[in-house]
Amino acid sequence: MGSFHTGQSDLTSLHVACWAGQTDVAGLLMKHGANLEARDKLQNTSLHGAAEQGHTETCEILIRSGADIMAVNVVSMMYERVLILTFLPLQYEKTPLQLAAEHGHTGTCELLIRSGADVMATIKTVCKKMIQEKSYHELLQTSDGVRVNRCKVAICGGEETGKTTLKMSLQKARVGEVSVWDFAGRSEYVVTHSMFMDVENTVFIVLYSIMDDRKTQERKVYWWLSFIKSCSPNRQPDVILVASHGDMVPVDQGQRNAAHLVHSLKAVFKDHLRIADEVILMDCRRTRTPEMGRLKTLLGSFKEALVEHQRDMPKLCAEIMKNLPKWSTTKTSYKFPVMKWPEYLDAVKEIDRFVTEDFLQQSTRFLHYLGEVLFITPSTCDPIVILAPNWLSTDIIGRMIVPENLEPQRKSPYVTKTEIQHVFQDVADVDLLITLLQEFQLCHSYDGQEFIFSWLLTETMPPYEWQTIPDPKARYFGKQVQCTDSTDMFSSGFFPRVQTRLMRELENRPKLWRDGAKCADRNVEGLIKLSPDGRAVNICVRSVQGDKVQCGKMLQQLENVVADVLDEWSPGTGVVEKVLSARALKEHTEEFHSYSHEVINKARTENSSIINPILGFKEQVKDLLCREDEDPLTKNRTELIQALRVVGPILDSLLSRGVLSVEECDIIRSKFTPHDRARMLLDILMTKGEEARLIFLCILKDVSPDVRLSTSKALKREVVKRKQQPCANQKFSKEEIVEMTKDSETNLSVGAFGTVYRAKLQCHHQMNGREVAIKVYSPGVDNQQGREELFQELAMRGSSHPHLLPLLGTCDVDGCLTLIYPYMKNRDLLLCIKDKCPLLNYQQRLLISMDLISAVRFYHTQCIGKVNKYHGDVKSTNVLLDENYRARLQGPGLMRDLPSDMAHLSHTGGSMSLNWTPHYRDPYYAETLKLHGTSDHYSAGKGMD
1 MGSFHTGQSD
11 LTSLHVACWA
21 GQTDVAGLLM
31 KHGANLEARD
41 KLQNTSLHGA
51 AEQGHTETCE
61 ILIRSGADIM
71 AVNVVSMMYE
81 RVLILTFLPL
91 QYEKTPLQLA
101 AEHGHTGTCE
111 LLIRSGADVM
121 ATIKTVCKKM
131 IQEKSYHELL
141 QTSDGVRVNR
151 CKVAICGGEE
161 TGKTTLKMSL
171 QKARVGEVSV
181 WDFAGRSEYV
191 VTHSMFMDVE
201 NTVFIVLYSI
211 MDDRKTQERK
221 VYWWLSFIKS
231 CSPNRQPDVI
241 LVASHGDMVP
251 VDQGQRNAAH
261 LVHSLKAVFK
271 DHLRIADEVI
281 LMDCRRTRTP
291 EMGRLKTLLG
301 SFKEALVEHQ
311 RDMPKLCAEI
321 MKNLPKWSTT
331 KTSYKFPVMK
341 WPEYLDAVKE
351 IDRFVTEDFL
361 QQSTRFLHYL
371 GEVLFITPST
381 CDPIVILAPN
391 WLSTDIIGRM
401 IVPENLEPQR
411 KSPYVTKTEI
421 QHVFQDVADV
431 DLLITLLQEF
441 QLCHSYDGQE
451 FIFSWLLTET
461 MPPYEWQTIP
471 DPKARYFGKQ
481 VQCTDSTDMF
491 SSGFFPRVQT
501 RLMRELENRP
511 KLWRDGAKCA
521 DRNVEGLIKL
531 SPDGRAVNIC
541 VRSVQGDKVQ
551 CGKMLQQLEN
561 VVADVLDEWS
571 PGTGVVEKVL
581 SARALKEHTE
591 EFHSYSHEVI
601 NKARTENSSI
611 INPILGFKEQ
621 VKDLLCREDE
631 DPLTKNRTEL
641 IQALRVVGPI
651 LDSLLSRGVL
661 SVEECDIIRS
671 KFTPHDRARM
681 LLDILMTKGE
691 EARLIFLCIL
701 KDVSPDVRLS
711 TSKALKREVV
721 KRKQQPCANQ
731 KFSKEEIVEM
741 TKDSETNLSV
751 GAFGTVYRAK
761 LQCHHQMNGR
771 EVAIKVYSPG
781 VDNQQGREEL
791 FQELAMRGSS
801 HPHLLPLLGT
811 CDVDGCLTLI
821 YPYMKNRDLL
831 LCIKDKCPLL
841 NYQQRLLISM
851 DLISAVRFYH
861 TQCIGKVNKY
871 HGDVKSTNVL
881 LDENYRARLQ
891 GPGLMRDLPS
901 DMAHLSHTGG
911 SMSLNWTPHY
921 RDPYYAETLK
931 LHGTSDHYSA
941 GKGMD
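Spelled out as structure tokens, the structure:
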């Protein structure tokens, strides 16, 4: 009955009424105080239920009453807490609009879009919110929640607008329990602002001077509004426009200008920001004026609306928040409010002496999401906690840009360690400060003594750095990443961090300018150039020798850097990717010219040329693209990073196939964010060669079938070929089986069917010498069961899964029926439970449960036509554990094929027979002899008793 109904635990009356489309009942319930934002166990709101069922009128009344149209359910984020306990099918996180679109409710979609739903919202744009939700729910399950009635007020504006004065006036005016932040307007400061913009419960005041002319006012305010949007992908922040220096102009004239600005910009940003209607013109120095009263009232109403929907704060987080100001002065210096992890842990233990390090890290990470602290986990040292986040821009960046603090007449971004020590001579640990600056990608050093701060660059790229190449063999290619509409911009921290990433990742040192970066590798040069208006990034590569392959590799590498930084530091910016004109690049025209992908695809389909609409010349598609047949891991890196949110199952499978080592898997898992884990996985795979990358693609298509990669036709054929002929199809002769088992001193098991030997594989491919379990059926016994297992294995041989025991080889000649599987070091689950294995703790059992359910669900999806697949004997002896105590369900051969229209099974009759162990038998099957979708799930749960 849909994702909403399956989360029926914790349903409210409003949930039920909205799901059923009872609009009048829903209105009555809300009239009497029903909670619009109440969520069920799967985090569905009432609007989710109404949207999923297509009840447009019910959606409309919910939206009019203030329902959050961008609320997301978090089923997969609750996977550990819900899936294993209730055996619910895994679903994706969705907004109400996505649910309505999925079920084809056009009218409901139109309503949601008219009401401001983001039609571009994807898993990528809401992932950060998902992680926060998961952390929040896990914290509340361990710690009580308390009410915290506070919000943040961020004052933004250019220089000389009166931000500091207004901040002081607001503090004197006692606007309530708020945290007031001053976001300085000087461009060097702004490089750090994007770190704090996407913070919950924040009201933005954009301050501008009424003394400026009207165009200047609009330009400056427009910039700040676009900047706020670029950092806020998941919500519509509240914004108040305030005109300062109201005492310097006639009141009527100032009011008219301010009103015009509010109304015009509100219309432009209506789909992105909630800009207040009020027109406020004031003298920021005076606190007891009607204008200040109106501003206080407006802030109070915004705060009340935010607090009304503010959730309880985990108790430990609330206690830490209370102590942050005190710790900034008593346990650190107000000039350096930074604590290393051991000091921070000791301080928190004064509040709660029983707190564990893991729980404290999770709590601190949650405070980081809220913008209350900055929590950094460097790879080279223990975690670091910054107690006052805004200190980084006001005290650190502020001191570095004061001219007298550095060498006079400085024109380069190079700052020596001695200079940093001089500027921050009152800071006890300058090395720790440098570590922080590097972790925030604000600088880079090649030798540890000289540091490059790309945001201090002032010079633009000189023309001689990218001159025309007269050689006719030279080839140019390029891409353009362009802002989608006029409200989009790249955040101020975006391009400096692109340059920092280039310094970190490129083998050769790039040349840097304020608006560009140039790099070289082998016979290829690359250029990243920011457009004069800052709204497009042009990525160009060229080769004098016309090396198309190397051009493609460098172009993809530069694209990856831009995409990664954009997603991290400017996530709210809408962009469109275009292909640069190769001829315009080669002729070095004054401006960059580009073609949309629609134009490219149309020309490719029609086998026609492309006419440049401005320059008039024709170009062929093959001259514009350089990566049609390149390595898919390089070509699809950006979409892979977005798709690989959970790399665990893929790592397990790559480990079992010998592609990755245990150490490499540990390195990947140690990365903090899903993006970083995905990047590290791809980086390691790129060093492994084509064979490893093809194995990865085969695994990816099985574990994450929803991922769609633009691979070449040749590669697709190769992937299909390998899926059809994996190692599992290796056939052995009777003599080879005898040879492998003759010296085996270990019989893993002996039964009526035959013997299972522990041996080493002898073959002519990379798996030679691998430890295996060889199941040899005894001669003379009825081998019908063995052959059924063999046929099932072969039928499923192209569908590998990291938690199913794969078939490595077979033999069925001269009366020798043999199946070969990988050897599982830690035997089966039942033996581990009986032996009370100390490593089989609660957390490990939860992982085993997840592995087991994942394996069963995978096989349930491997049906053909009207044939469903069931296991019919999931039990602890059929669950084998590898060296890492991760589960492998043995027996594709145990699966039962059952036509979907044949729900009834008898206890006899070949493959229809179920020898189901009584302890694990589904009660529904025992009573009715009918299988259903959760029969195997029930057995899996009993296996963990």
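Under the UniProt record's numbering, the first residue of the sequence shown is numbered 1, with each subsequent residue one higher.
Ideal Cβ positions, reconstructed from N, Cα and C, are used throughout, including at glycine.
Collapsing the DSSP output to three states places Gln-499 in a helix. Restricting attention to alpha helix (DSSP H) runs no shorter than 4 residues, the segment 523 to 601 encloses them at 548 to 569 and 582 to 586, ordered along the chain. As summarised for the segment 289 to 326, the continuous alpha helix (DSSP H) elements at least 4 residues long and confined to that stretch are 290 to 308, given in chain order. Remark: fewer than three beta-carbon pairs, one from each stretch, lie closer than 8 Å, so the segment 602 to 621 and the segment 569 to 578 are not flagged as touching. Taking all protein chains shown into account, Ala-428 has fewer than 16 neighbouring C-beta atoms within 10 Å of its C-beta and is therefore exposed. Within a 10 Å sphere around the beta-carbon of Ser-486 sit fewer than 16 other beta-carbons, which makes this residue exposed. Residue pairing of Trp-391 in beta bridges, as defined by DSSP: absent, with no partner found. Under the three-state reduction of DSSP output, Lys-618 falls in the strand class. With a beta-carbon spacing of about 5 Å, Ile-280 and Val-242 fall inside the 8 Å limit used to define contacts. Rounded to the nearest whole angstrom, the C-alpha separation of Phe-592 and Ser-581 is 8 Å. When Cβ pairs closer than 8 Å are counted between the two stretches, the segment 514 to 526 is seen not to touch the segment 609 to 629, the count staying below three. Inter-segment contact for the segment 494 to 508 and the segment 549 to 567 is present: three or more beta-carbon pairs are separated by less than 8 Å. Within the DSSP bridge table, the entry for Gly-157 names Leu-207 as partners. If you draw a straight line from the Cα of Pro-250 to the Cα of Ala-154, it comes to about 28 Å. Minimum Cα-Cα distance from His-48 among the listed residues Leu-14, Ala-34 and Lys-266 corresponds to Leu-14. Per DSSP, reduced to three states, the secondary structure at Val-856 is helical. Comparing alpha carbon positions, the residue from Thr-364, Trp-223 and Arg-770 closest to Ala-759 is Arg-770. Distance from the CA of Glu-590 to the CA of Val-307, rounded to the nearest whole angstrom, comes to 53 Å. Within the segment 443 to 520, the runs of beta strand (DSSP E) that reach at least 3 residues and sit entirely inside it are, in chain order, 450 to 452, 475 to 483 and 511 to 513. Here Ile-684 is actually not in contact with Glu-663; their C-beta atoms are around 10 Å apart, not less than 8 Å. The three-state reading of DSSP puts Asp-936 in helix, counting H, G and I together. Classified as exposed, Met-248 has fewer than 16 neighbouring CB atoms from the shown chains inside 10 Å of its CB.
Here Met-850 carries a helix assignment [DSSP, helix/strand/coil].
At the C-beta level, Glu-357 and Met-321 stay beyond 7 Å of one another. Per DSSP, reduced to three states, the secondary structure at Gln-217 is helical.
Excluding five sequence positions before and after Ile-210, the CB atoms of its chain that fall closer than 8 Å to its own CB belong to Gln-217, Ala-243, Ser-244, His-245, Gly-246, Met-248, Val-249, Gly-254, Asn-257, Ala-258 and Leu-281, given in chain order. Here His-803 is near Ala-855, since their CB atoms are less than 7 Å apart. If you look at Val-242, you'll find it in the beta strand (DSSP E) that goes 238 to 244.
Going by C-alpha positions, Ala-101 is about 6 Å away from Cys-109. In the three-state scheme derived from DSSP, where H, G and I count as helix and E and B as strand, Leu-748 is classed as strand. Considering only Met-850, Glu-57, Glu-60 and Ser-876, the residue with the shortest C-alpha distance to Leu-829 is Ser-876.
Within the model, the alpha-carbon separation for Leu-112 versus His-55 is close to 12 Å. Tyr-344: member of the alpha helix (DSSP H) spanning 341 to 349, first to last residue.
Taking C-beta atoms as the reference points, Cys-551 and Val-579 fail to come closer than 7 Å. For Val-16 and Ser-143, the gap between their C-alpha atoms comes out near 30 Å. Sequence-distant partners of Asp-814 (beyond 5 residues in either direction) whose C-beta falls short of 7 Å from its own C-beta, in its chain, are Lys-734.
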